[in-house]
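Heads up: the sequence shown begins at 0 in numbering that gives the first Met the number 0, then just goes up one per residue.
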Amino acid sequence: MVGLRELVMILELRRQGLGVSAIARQTGLDRKTVRKYLDRGLEAPVYGPREPGERMA
């Protein structure tokens, strides 16, 4: 998981005109990770309810 500091850095680098690959190289993150955080922006992730697991007897 990327912290707030890294997220702000990703968004700032994008604002400066850098592409996903360049941001990934500078931050050391995978391109897919960078793209995910650029798409999401500063919104917190939304988690749905979990399915109950099977109980062991």
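We put the CB at the ideal spot given by N, CA and C, even for glycine. Keep in mind the model is a prediction, meaning the values are calculated, not measured.
{"Check": "Straight-line gap, ARG4 to PRO48 (C-alpha atoms, nearest Å)", "Outcome": "28 Å"}
{"Check": "Simplified DSSP assignment, three categories, for GLU53", "Outcome": "coil"}
{"Check": "Buried or exposed by the 16-neighbour rule on C-beta atoms within 10 Å, applied to ALA56", "Outcome": "exposed"}
{"Check": "Neighbour-count burial assignment, LEU41, 16 or more Cβ in a 10 Å radius", "Outcome": "exposed"}
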